[in-house]
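Report on one structure; see the data block that follows.
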Amino acid sequence: MSIPKAKQESKILEAHGDQRHDEFYWLNQRENPEVRKYLEEENAYYKKETQHLEDFTQDLFQEMKSRIKEDDSSVPYFLDGYWYQAKFEKGKDYPIYTRRKDHIDAEEKILFDVNQMAEGFDYYKLSGISISPDNKLAAFGVDNVSRREYTIHIKDIETGEILDQKIEKTTGSSCWASDNKTLFYTRKDPQTLRSHQIYKHHLDQNNTEDELVYQEDDATFNTYVFKSKSRDFIIIGSSSTLQDEYRFISANKPNADFKIIQKRTPNLEYSVAHYEDYFYILTNKGGASNFRLMRTPIDKTEVEHWEDVISHRDDVLLEDADIFKNYLVLTERFNGLTRLRVLSWDLSEDYFVPISSETYTLGTSSNPDFETDTLRYVYSSLTTPTSVIDFNMKDQTEVVMKQSEVLDPDFKASNYIAERAWATAADGVKIPMSIVYKKGIQRDGKNPLLQYGYGSYGHTVDPYFSSTRLSLLDRGFVFVIAHIRGSEYLGRQWYEDGKLLKKKNTFSDFIAVSEYLIEHLYTSPEHLYAMGGSAGGLLVGAVMNTRPDLYHGMIAAVPFVDVVTTMLDDSIPLTTGEYDEWGNPNDAQYYHYIKSYSPYDNIKDCQYPHLLVTTGFYDSQVQYWEPAKWVARLRLQKNNTNKVYLETNMKTGHGGASGRFEALKELAKEYAFIFELAGILK
Numbered sequence: 056m057s058i059p060k061a062k063q064e065s066k067i068l069e070a071h072g073d074q075r076h077d078e079f080y081w082l083n084q085r086e087n088p089e090v091r092k093y094l095e096e097e098n099a100y101y102k103k104e105t106q107h108l109e110d111f112t113q114d115l116f117q118e119m120k121s122r123i124k125e126d127d128s129s130v131p132y133f134l135d136g137y138w139y140q141a142k143f144e145k146g147k148d149y150p151i152y153t154r155r156k157d158h159i160d161a162e163e164k165i166l167f168d169v170n171q172m173a174e175g176f177d178y179y180k181l182s183g184i185s186i187s188p189d190n191k192l193a194a195f196g197v198d199n200v201s202r203r204e205y206t207i208h209i210k211d212i213e214t215g216e217i218l219d220q221k222i223e224k225t226t227g228s229s230c231w232a233s234d235n236k237t238l239f240y241t242r243k244d245p246q247t248l249r250s251h252q253i254y255k256h257h258l259d260q261n262n263t264e265d266e267l268v269y270q271e272d273d274a275t276f277n278t279y280v281f282k283s284k285s286r287d288f289i290i291i292g293s294s295s296t297l298q299d300e301y302r303f304i305s306a307n308k309p310n311a312d313f314k315i316i317q318k319r320t321p322n323l324e325y326s327v328a329h330y331e332d333y334f335y336i337l338t339n340k341g342g343a344s345n346f347r348l349m350r351t352p353i354d355k356t357e358v359e360h361w362e363d364v365i366s367h368r369d370d371v372l373l374e375d376a377d378i379f380k381n382y383l384v385l386t387e388r389f390n391g392l393t394r395l396r397v398l399s400w401d402l403s404e405d406y407f408v409p410i411s412s413e414t415y416t417l418g419t420s421s422n423p424d425f426e427t428d429t430l431r432y433v434y435s436s437l438t439t440p441t442s443v444i445d446f447n448m449k450d451q452t453e454v455v456m457k458q459s460e461v462l463d464p465d466f467k468a469s470n471y472i473a474e475r476a477w478a479t480a481a482d483g484v485k486i487p488m489s490i491v492y493k494k495g496i497q498r499d500g501k502n503p504l505l506q507y508g509y510g511s512y513g514h515t516v517d518p519y520f521s522s523t524r525l526s527l528l529d530r531g532f533v534f535v536i537a538h539i540r541g542s543e544y545l546g547r548q549w550y551e552d553g554k555l556l557k558k559k560n561t562f563s564d565f566i567a568v569s570e571y572l573i574e575h576l577y578t579s580p581e582h583l584y585a586m587g588g589s590a591g592g593l594l595v596g597a598v599m600n601t602r603p604d605l606y607h608g609m610i611a612a613v614p615f616v617d618v619v620t621t622m623l624d625d626s627i628p629l630t631t632g633e634y635d636e637w638g639n640p641n642d643a644q645y646y647h648y649i650k651s652y653s654p655y656d657n658i659k660d661c662q663y664p665h666l667l668v669t670t671g672f673y674d675s676q677v678q679y680w681e682p683a684k685w686v687a688r689l690r691l692q693k694n695n696t697n698k699v700y701l702e703t704n705m706k707t708g709h710g711g712a713s714g715r716f717e718a719l720k721e722l723a724k725e726y727a728f729i730f731e732l733a734g735i736l737k
């Protein structure tokens, strides 16, 4: 089958006196039949070229699926007199949400069977379940296109009836006022999909328009609404990357005017929680780059009234604060590792939840009950399946409520080794990495190794357990997470040093990790593979242009690769809110810097690693045309004779398929691609 070739139509894009020629710009016409035809040609080519891997891919899918308990359920949590739980049944793709009154062994009532609701849809996502204070109604959001644009419905739990009221073009989440009749929700701009309006819906209104409560006119901000954990306040937040603003009303007075807590101020970030007579504020006020916890009286909320509860520390990133009636729980990150700090409100108790491991993932779980002394948290490591643990903050005892089962009789955590190592970047900075492999692996430079990274938005990829990853490890692969700058693995400064005009640190850090792994004989360029998705796809693309010689193959999932063009187009969803992350290319300095690393703008005629690129036709975050254009231009490079595949899921968006096991089919394809390159065919 011949290699697909997209037609070329010269398009000159000019900014700051600089011209870029984009021969594939036309691919952004979603409704153009020629666009769909080209994408389907690429899909057919990929399918034909990998036809010999279909049995292997199916075997991988079944292998990964077989490790997962199909008839599974979440650990129930208690709220307002009911135990809530989500469960999966064998052979079904979607969750079933249930609750029981007063006692965990009471009669089960099904709130939503998403399997039934999803019948007839290629994609179905239920999100944002919100129960009214009297426990009689449930608001919920549905997306059946995969554009993250939800329609909110309301269900009468007692009768099972879905009310004849639906609210379209929302984020899917909502919250109830205390009157059980007023629902606050967020609406999206239909063009940019920016969350820009807060509305109020009243159940008794007869075909009248919902009331606009707040509109965010600054295109770099998104807005949202939620109820405080204490359930005393309705709070509207409005945030950009580097600024926040909150306003509130009493949940008992849904028609009141919202009062601003602290107006937006350049570079002032803050979030809000409520306890008794105070708002507790997690903030970077006063140059607290690693954040501090402050409080302010409810009737005096401006910044001049804020006072310290937990001061800023140079070596500890304060990530979150969970408030309970008797305790305050802080999520902190020290030297790359998370710890949970428990304090009583009278400060007579101050201790860390005990953890003993070299590298792990730790975080608080669902803790909606304000009155309880039990903290629920989640723990896992590269070798240890995820555990849900209930920790009694009063007597410091804990109970493992559940550990995810790995349905493989040969699986033993002790058969695998997890390590943490440090590479040295070009500027001398030490870059951490988490490594896992099966016992018996020899460091002789011959091991296939998959290196994963992200490195943007301050998002940290912690060393978590994955049962699907066993398919790699058991076939001799080493797996590595590169904790590169642009994340917050080593604190807020770690993020600041990997964004804007320092973005290239993210890419050079990833390369430094690769060079370390080769130098220390974990692998070699002939056996090294890289993988990243979304902004991690940008990472893969930039690294591929810089050091194509270091890698044998790469996978770029929904990759953000046409950075300049996207960031210059403020009609594209998410663009304006990204200026603080990448820079605004309407400024010449940022334009030229972004252009210097944008994967699409820096393709060269060379031998690249083998490449698999995936995308979704309805992707609202990274539009499908970015990876499509990237692949089309790569195909023009005469000296690149290695494989280049593009697969577009014509039915989904950024997150891929919606079914529980459908995502495994996509992962099986990606693994099969790498395994074939590594000479592994079973």
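Numbers 56 to 737, taken from my numbering, label the letters of the sequence shown in order. C-beta: ideal position from N, C-alpha, C; glycine also.
It is roughly 20 Å from the alpha-carbon of Ser421 to the alpha-carbon of Phe288. A direct Cα-to-Cα measurement between Asp656 and Asp617 gives close to 7 Å. For Val533, the CB contacts under 7 Å within the same chain, skipping 5 residues up- and downstream, are Ile490, Tyr492, Ile496, Asn502, Leu504, Tyr577, Thr578 in chain order. Leaving aside the five residues that flank Leu462 on each side, the residues in its chain whose CB is nearer than 8 Å to its CB run, in chain order, Ser121, Arg122, Ile123, Lys124. DSSP, reduced to helix, strand and coil, places Gln692 outside both helices and strands of the structure shown, so it counts as coil. In chain order, His76, Glu78 place their CB closer than 7 Å to the CB of Ser65, counting only its own chain and leaving out the 5 sequence neighbours on each side.
Our two residues, Thr631 and Asp272, have alpha carbons roughly 12 Å apart in a direct line. By the C-beta density criterion, Phe407 is exposed, having fewer than 16 other C-beta atoms within 10 angstroms. Each of Lys145, His107, Phe133, Ser129 was checked against the Cα of Phe716, and the nearest Cα belongs to Lys145. When the Cα atoms are used, Leu258 and Lys236 turn out to be separated by approximately 5 Å. By the neighbour-count definition (other C-beta atoms within 10 Å, threshold 16), Ala161 is an exposed residue.
Per the DSSP secondary-structure output, Leu373 pairs in a beta bridge with Glu387. In the structure shown, Gln260 adopts coil according to DSSP, grouped into three states. Residue range 717-732 is occupied by the alpha helix (DSSP H) that includes Lys720, with no beta strand (DSSP E) assigned at that position.
In the three-state reduction of the DSSP assignment, Val677 falls in the coil class. For Thr112, the three-state secondary structure derived from DSSP is helix. Looking at the DSSP output, Pro309 bridges to nothing. Taking every protein chain shown into account, the CB of Leu572 has 16 or more other CB atoms within 10 angstroms, so this residue is buried. In this structure Lys554 is in contact with Glu636, their Cβ atoms being roughly 6 Å apart against a cut-off of 8 Å.
The beta strand (DSSP E) runs lying completely inside the segment 75-158 and spanning 3 residues or more are 132-134, 137-142, 151-156, given in chain order. Gln317 sits in a strand when the DSSP states are folded into three classes.
If you look at Gln506, you'll find it in the beta strand (DSSP E) that goes 504-507. Beta-carbon to beta-carbon, Leu166 and Tyr152 are separated by about 4 Å, close enough to satisfy the 8 Å threshold.
Residue environment analysis places His582 among the buried positions, since at least 16 neighbouring C-beta atoms fall within 10 angstroms of its C-beta. Leaving aside the five residues that flank Thr601 on each side, the residues in its chain whose CB is nearer than 7 Å to its CB run, in chain order, Phe562, Ile566.
For Leu583, the uninterrupted beta strand (DSSP E) run begins and ends at 583-588, by DSSP. By the neighbour-count criterion, in which 16 or more other beta carbons inside 10 Å mark a residue as buried, Arg547 falls on the buried side. The beta carbon of Glu731 is closer than 7 Å to those of Leu108 in its chain, skipping five residues each way along the sequence.
Residue environment for Met56: exposed (fewer than 16 other C-beta atoms within 10 angstroms of its C-beta).
Here Thr275 is buried. Its C-beta has 16 or more other C-beta atoms within 10 Å. Note that the segment 193-204 touches the segment 167-179; at least 3 beta-carbon pairs, one per stretch, sit closer than 8 Å.
The beta-carbon separation of Tyr132 and Pro423, rounded to 6 Å, stays under the 8 Å limit for a contact.
In this model, Asp299 and Met349 are separated by some 15 Å (Cα to Cα).
The C-alpha of Gly608 lies about 17 Å from the C-alpha of Gln692. In chain order, Asn600, Gln692 place their CB closer than 8 Å to the CB of Lys659, counting only its own chain and leaving out the 5 sequence neighbours on each side.
Residues of the same chain with a CB within less than 7 Å of the CB of Leu238, apart from the 5 flanking positions on each side, are Ala194, Ser229, Trp231, His256 in chain order.
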